[in-house]
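Take the sequence shown: its position 225, counted from the start at 1, is 916 in our numbering, and no numbers get skipped.
Backbone N, C-alpha and C fix where the C-beta goes; we use that ideal spot for every residue, glycine too.
Read through the structure below, which is laid out as structure tokens, and then see the notes.
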Amino acid sequence: MQSHTEKEDHSPSSVATFRQGIIDSLPIVIGYLPIAFAFGLSAVKLGFSPIESLLFSMIIYAGASQFVITALLSAGMSLWVCAFTVMAIDVRHVLYGPSLRNRLITRLNGRKTAIWAFGLTDEVFAAATAKLIRDKRSWSENWMCGIALSSWVSWSFGTGIGTLFGNGPLQAYPAIEASLGFMLPALFLSFLLAAFKRQQSLIFVGSLAGALAGLIFYSVPAAILCGIGAGCLVALLQPAPAPSVAEASDA
């Protein structure tokens, strides 16, 4: 009976496909389009050409960090200062790959891994983690490529549209641009709440306390680093949760 169940779990129909990844990326796409539009709008206003603004999204593809680096460059900061600032903001991405790898039960394909690893943004990582928590056997690299590529295309497309309106009709409505910038944290918060569990409450509180301390006493990059460090420290110090009935049966 148990072997029959395992065969059903590993059947091709239970594994998520590239098409399902595209469908599952729709919430991210809907959230990315207005934010990328706001970035294209902002970058052109700061003096960057439409092509330069589009390349920021296609090559760097760093979300909120793109707003920071364009503001720093337009203010005359050196490339070294811009690079270290963005590295401080995005250092959390170093943890995304190993975190996912520890949850995977399948063997990875080098080419496919390179594709979805490039597109492993906060929202894509959150979506992948939520899927692995629900059913790790349904996760697949084809699904990851679908959700990562769709998100990247929507971000680049939104940026391109935003560059066209850099000096257009929205110039008289600054409130619209300000409201668009709020959608990135709101989108990530929705994924965070979807994957949140009670045993993670201490980690959440520790991360929040560290981030607030860093923000009050230092700066935004310090707040990000303090939040990550405090969350990791609390996760290491708290006792490991007892395995569920499903995990015990799989073992």
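Is it buried or exposed for residue i, if we count other Cβ within 10 angstroms and need 16 for buried?
{"i": "Val785", "result": "exposed"}
{"i": "Ser740", "result": "exposed"}
{"i": "Leu899", "result": "exposed"}
{"i": "Thr797", "result": "exposed"}
{"i": "Trp807", "result": "buried"}
{"i": "Asp781", "result": "buried"}
{"i": "Leu855", "result": "exposed"}
{"i": "Trp771", "result": "exposed"}
{"i": "Ala914", "result": "buried"}
{"i": "Asp826", "result": "exposed"}
{"i": "Pro725", "result": "buried"}
{"i": "Phe730", "result": "buried"}
{"i": "Gly767", "result": "exposed"}
{"i": "Ser831", "result": "buried"}
{"i": "Ala774", "result": "exposed"}
{"i": "Ala734", "result": "buried"}
Give the C-beta separation of residue i and residue j to the nearest angstrom, bearing in mind that I take them to be a contact with Cβ-Cβ under 8 Å.
{"i": "Ala762", "j": "Gly849", "result": "At roughly 19 Å, the Cβ-Cβ gap does not stay under 8 Å, so Ala762 and Gly849 are not in contact."}
{"i": "Leu732", "j": "Gly853", "result": "4 Å"}
{"i": "Ala818", "j": "Asp715", "result": "6 Å"}
{"i": "Gly810", "j": "Lys736", "result": "The Cβ separation is near 27 Å, so there is no contact."}
{"i": "Cys917", "j": "Gly901", "result": "4 Å"}
{"i": "Arg794", "j": "Leu823", "result": "5 Å"}
Classify residue i as helix, strand or coil using the three-state DSSP reduction.
{"i": "Asn793", "result": "helix"}
{"i": "Gln929", "result": "coil"}
{"i": "Thr708", "result": "coil"}
{"i": "Cys923", "result": "helix"}
{"i": "Ser842", "result": "helix"}
{"i": "Thr812", "result": "coil"}
{"i": "Met768", "result": "coil"}
{"i": "Leu799", "result": "coil"}
{"i": "Arg828", "result": "helix"}
{"i": "Gly857", "result": "coil"}
{"i": "Val782", "result": "coil"}
{"i": "Ala753", "result": "coil"}
{"i": "Tyr723", "result": "helix"}
{"i": "Gly738", "result": "coil"}
{"i": "Ser898", "result": "helix"}
{"i": "Tyr967", "result": "What is shown of the chain runs 692 to 942, which leaves residue 967 out entirely."}
{"i": "Ser733", "result": "helix"}
{"i": "Ser748", "result": "helix"}
{"i": "Ser847", "result": "helix"}
Is the beta carbon of residue j closer than 8 Å to that of residue i?
{"i": "Ile919", "j": "Arg792", "result": "no"}
{"i": "Asn800", "j": "Thr708", "result": "no"}
{"i": "Trp846", "j": "Tyr787", "result": "no"}
{"i": "Ile719", "j": "Val815", "result": "yes"}
{"i": "Ser829", "j": "Ser705", "result": "yes"}
{"i": "Thr812", "j": "Gly905", "result": "no"}
Residues in the same chain with beta-carbon distance under 6 Å from residue i, minus the five sequence neighbours each way, listed in chain order, please.
{"i": "Leu893", "result": "Val925, Gln929"}
{"i": "Gly712", "result": "Trp834, Gly837, Ile838"}
{"i": "Leu927", "result": "none"}
{"i": "Phe634", "result": "Absent from the structure is residue 634, since the part of the chain shown begins at 692 and ends at 942."}
{"i": "Gly851", "result": "Leu745"}
Considering only residues of the same chain and omitting the five flanking positions on each side of residue i, which have a CB-CB separation below 7 Å?
{"i": "Tyr723", "result": "Ser842, Ser845, Trp846, Gly849"}
{"i": "Ser765", "result": "Leu737, Gly738"}
{"i": "Met749", "result": "Ser847"}
{"i": "Ser790", "result": "none"}
{"i": "Leu717", "result": "none"}
{"i": "Arg710", "result": "Gly837"}
Leaving aside the five residues before and after residue i along the sequence, list all residues of the same chain whose C-beta is less than 8 Å from its C-beta, in chain order.
{"i": "Met692", "result": "Unreliable positioning characterises Met692 in this predicted model, as indicated by a pLDDT of 42, which lies under 50. The coordinate reading is nonetheless provided below. Result list for Met692: empty, nothing under 8 Å."}
{"i": "Thr804", "result": "Glu832"}
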